[in-house]
Amino acid sequence: AWSKGYMPYGDLFDHKGPYIFLVNLIGYHVGFMAMQTINMAFALFFIYLIGEYISEKWYVGIASSLLSVFVLFMPYCDGNYTEEYCMPFLFASFYLAIKSIREEQYKIPYVILYGITAGICLMTRATNFLPVAVCILVIIVLLVMKKDYKNIFISGLLFIGSMLVVVAPFAIYFAAKGLFGEFI
Numbered sequence: 208a209w210s211k212g213y214m215p216y217g218d219l220f221d222h223k224g225p226y227i228f229l230v231n232l233i234g235y236h237v238g239f240m241a242m243q244t245i246n247m248a249f250a251l252f253f254i255y256l257i258g259e260y261i262s263e264k265w266y267v268g269i270a271s272s273l274l275s276v277f278v279l280f281m282p283y284c285d286g287n288y289t290e291e292y293c294m295p296f297l298f299a300s301f302y303l304a305i306k307s308i309r310e311e312q313y314k315i316p317y318v319i320l321y322g323i324t325a326g327i328c329l330m331t332r333a334t335n336f337l338p339v340a341v342c343i344l345v346i347i348v349l350l351v352m353k354k355d356y357k358n359i360f361i362s363g364l365l366f367i368g369s370m371l372v373v374v375a376p377f378a379i380y381f382a383a384k385g386l387f388g389e390f391i
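Here's what the structure looks like:
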């Protein structure tokens, strides 16, 4: 509908966020199967990294990815669920969070991905934000226990800034179209 000139939240409405409208717009032009394949490939890649990292065995990573195909089959089979477009970002964030927690090194650049993930998840459906929020909460608690308040402050600013990189363009676009209230 967006590619044909209809305005999300104006001419048509859905409870989903604008990122899903954007993904559908792109999918309309390049093909939904291509969009789903790309998203699932990245999700499975990060699942592989998680399995391999935790076990320290490459074949566990492969087994994790193969088993995940069965679990991920439902959202990808019916297609166009908001979760499928969040999964690559969520699994990438999970991988970095697991790595940070295990190595007890809370790297500030990882926060940029957490912020982008949070923005994308919020711009699909607000509940999709919860998994990354839990990762962030655990890391904050661990940083408080280490009394690393400087890292918490800098990470908080980076998180908000990187989340705004995703959210702000949508907010500006819909505000310019007079649909900011509907967007919110």
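Under this note's numbering, read the sequence shown as residues 208 to 391, first letter to last.
Ideal Cβ placement from N, Cα and C applies to all residues, glycine included.
No experiment lies behind these values; they were computed from the predicted model shown.
Test item: CB-CB of residue i and residue j under 9 Å
i: ILE323; j: MET294; result: no
i: ILE269; j: ILE315; result: no
i: GLY234; j: PHE377; result: no
i: LEU279; j: MET240; result: no
i: GLU290; j: ASN335; result: yes
i: VAL339; j: TYR321; result: yes
Backbone CA spacing between residue i and residue j [nearest angstrom]
i: THR331; j: TYR213; result: 19 Å
i: LEU350; j: LEU273; result: 34 Å
i: LEU251; j: VAL348; result: 29 Å
i: ALA356; j: LEU364; result: This sequence places Tyr at residue 356; Ala is not what is there. Each residue's alpha carbon lies about 12 Å from the other.
i: ILE367; j: VAL374; result: 10 Å
i: ASP221; j: LEU229; result: 13 Å
i: ILE343; j: PRO215; result: 31 Å
i: ILE308; j: ILE319; result: 17 Å
i: LEU337; j: VAL267; result: 27 Å
i: GLY326; j: ALA333; result: 10 Å
i: LYS306; j: LEU297; result: 14 Å
i: ILE379; j: SER262; result: 44 Å
i: ASN231; j: VAL345; result: 33 Å
i: GLN312; j: MET242; result: 34 Å
Backbone secondary structure at residue i - three-state DSSP
i: LEU365; result: helix
i: LEU386; result: coil
Entirely enclosed alpha helix (DSSP H) segments - the region 290 to 349, minimum 4 residues
Here the runs fully enclosed are 315 to 329.
Taking 8 Å as the threshold, find out whether the region 299 to 309 comes into contact with the region 254 to 266 through three or more Cβ pairs.
Counting Cβ pairs under 8 Å, three or more are found: they touch.
In chain order, what are the residue ranges of uninterrupted alpha helix (DSSP H) at least 4 long that sit wholly in the region 223 to 267?
Runs of the alpha helix (DSSP H) lying entirely within the region 223 to 267, each at least 4 residues long, are 225 to 237, 239 to 262 in chain order.
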